[in-house]
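Presented below is the structure to which this report refers.
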Amino acid sequence: LADHRIEVVADRAASGPGFDLRWTSLCEHLAQRLQAGAFEAAGIEAVNEAAAILAEFFPRDVDAARSNELPDHPILLDASPD
Numbered sequence: 227l228a229d230h231r232i233e234v235v236a237d238r239a240a241s242g243p244g245f246d247l248r249w250t251s252l253c254e255h256l257a258q259r260l261q262a263g264a265f266e267a268a269g270i271e272a273v274n275e276a277a278a279i280l281a282e283f284f285p286r287d288v289d290a291a292r293s294n295e296l297p298d299h300p301i302l303l304d305a306s307p308d
């Protein structure tokens with residue numbers, strides 16, 4: 227927030243042709259909503275938009291069993307210096 231920047235950090239599978247314009251559009255839309263003061267709605271819309279982009283390129287296999295690759299419980303990291 228200090229820099230007033232919005233960035234999408236994506237791994238290699240979600241970058242490059244086909245993605246770059248969509249991530250730019252998502253960031254522009256998010257910035258417009260934030261400038262309008264719709265902070266909560268802007269965040270929710272951005273997450274939903276990102277999910278839609280990813281689902282388009284990486285559709286879920288409806289026949290595959292739904293299992294988590296990562297645990298659902300929070301992992302606390304010790305950020306204090308040694």
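Quick note on numbering: this note's numbering labels position 14 of the sequence shown as 240, and the sequence is numbered without any gaps. Glycine is no exception: its CB is placed at the ideal position from the N, C-alpha and C atoms. Since the structure is predicted, the reported quantities are computational estimates derived from the model, not experimental observations.
Item, Value
"Using CA atoms only, rank isn't needed, just tell me which of Q258, R231, S251, A257 is closest to I279.", "S251"
"So, for L302: in the same chain, excluding its five sequence neighbours on each side, which residues have a beta-carbon less than 6 angstroms away from its beta-carbon?", "none"
"Go ahead and pull the three-state DSSP assignment for N274.", "helix"
"Tell me whether G269 sits in a helix, a strand or coil according to DSSP, three-state version.", "helix"
"So, does the region 228 to 236 touch the region 251 to 262, judging by three or more C-beta pairs under 8 angstroms?", "yes"
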